[in-house]
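Anchor point for the sequence shown: position 19 equals 35 in this note's numbering, and the numbering is continuous, going up by one each time.
Just so you know, even glycine gets a beta-carbon here, dropped at the ideal spot from N, CA and C.
What follows is a short report on a single structure.
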Amino acid sequence: MSVADNLFIGREPRRFGLLRRKEMEARATALMASYGFSLDVREPLNRFSVAMQQIVAICRAIDLSAKVLILDEPTASLDTQEVEMLFTLMRQLRDNGVSLIFVTHFLDQVYAVSDRITVLRNGSFVGCRETRELPQIELVKMMLGRELDHNALQRAGRTLLSDKPVAAFEGYGKKGTIAPVRPAGPSGRNCGPRRPAGFRTHGNRRGDLRY
């Protein structure tokens, strides 16, 4: 489906039951241009970026006279430039009297576009504050339900990997061919004190080491 089809699906301009495509495309072009976007509305929507697809959906909602928009994590898959493009549209809509509920976990984006911040924790209402009056550290406290202590010691976990060798082998290598090596590895049934882990020895000559 084209951009124009997506903008006017279910309410296409018709005459005597026939679709007036040129009229629909002209209206779609004018609608997108009114928010500063110039694109070929005849192109399939899936050829555009995720950000532009979201913008088309928002413009459709506005053309349907929506007064409240709920945007749930709209920037999750957008790059920096696309985020700013979306924010520009959001600010335009706000200035035109449209209310937006912007759900996100990116705190820098919250402060970039919001007027008020509402915090929910575990499904319960925590509080609502004016953005300009709410320091970010206070916002984090509301989200966590406690003070954020950067000096608190982390609980020690179980050691899974240590750099302390459990077996060492010296003297392998032949002068003039390869440098002497000192492989280290776990001791066990297949890796005793006479053979280095990860290698196989052939013959009895010292230094006869092969991969």
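Quick one: Cα of residue i to Cα of residue j, how far?
i	j	result
residue 122	residue 58	35 Å
residue 132	residue 37	42 Å
residue 41	residue 81	19 Å
residue 34	residue 28	10 Å
residue 143	residue 157	11 Å
residue 79	residue 60	20 Å
residue 77	residue 51	13 Å
residue 46	residue 139	42 Å
residue 39	residue 18	14 Å
residue 92	residue 124	13 Å
residue 109	residue 137	28 Å
residue 112	residue 176	58 Å
residue 63	residue 44	17 Å
residue 30	residue 20	14 Å
residue 141	residue 161	12 Å
residue 180	residue 71	56 Å
residue 56	residue 178	60 Å
residue 96	residue 32	47 Å
residue 94	residue 149	28 Å
Under 7 Å Cβ to Cβ from residue i, same chain only, skipping five residues before and after it: list those, please.
i	result
residue 49	none
residue 25	none
residue 98	65, 67
residue 101	67
residue 69	61
Which class does residue i belong to by DSSP, given the choice of helix, strand or coil?
i	result
residue 134	strand
residue 205	Caution applies to residue 205, whose pLDDT of 49 falls short of 50 and renders its modelled position unreliable; the model cannot decide the point.
residue 88	strand
residue 117	strand
residue 141	strand
residue 155	helix
residue 98	helix
residue 177	coil
residue 163	coil
residue 149	helix
residue 55	coil
residue 123	helix
Suppose contacts are defined by Cβ-Cβ distances below 8 Å. Is residue i in contact with residue j by that definition?
i	j	result
residue 119	residue 146	no
residue 10	residue 83	Residue 10 is absent from the structure shown; the chain starts at 17 and stops at 227.
residue 135	residue 106	no
residue 23	residue 75	yes
Cutting at 8 Å between CB atoms, please list the residues of its own chain near residue i, excluding the five before and the five after it.
i	result
residue 54	48
residue 151	none
residue 174	none
residue 104	52
residue 163	157
residue 73	22
residue 127	147, 152
Leaving out five residues on either side along the sequence, give the residues of the same chain with a beta carbon under 6 Å from the beta carbon of residue i.
i	result
residue 10	Absent from the model: residue 10. The displayed extent of the chain is 17 to 227, so no value can be given.
Looking at residue i and the ligand ADP, is the gap between the Cβ and the nearest heavy atom below 7 Å?
i	result
residue 91	Within the structure as shown, the ligand ADP is missing, as the structure has no ligands at all.
With a threshold of 8 Å between beta-carbons, can residue i be considered close to chain D, or not?
i	result
residue 107	The structure shown contains no chain D; it is built from a single protein chain.
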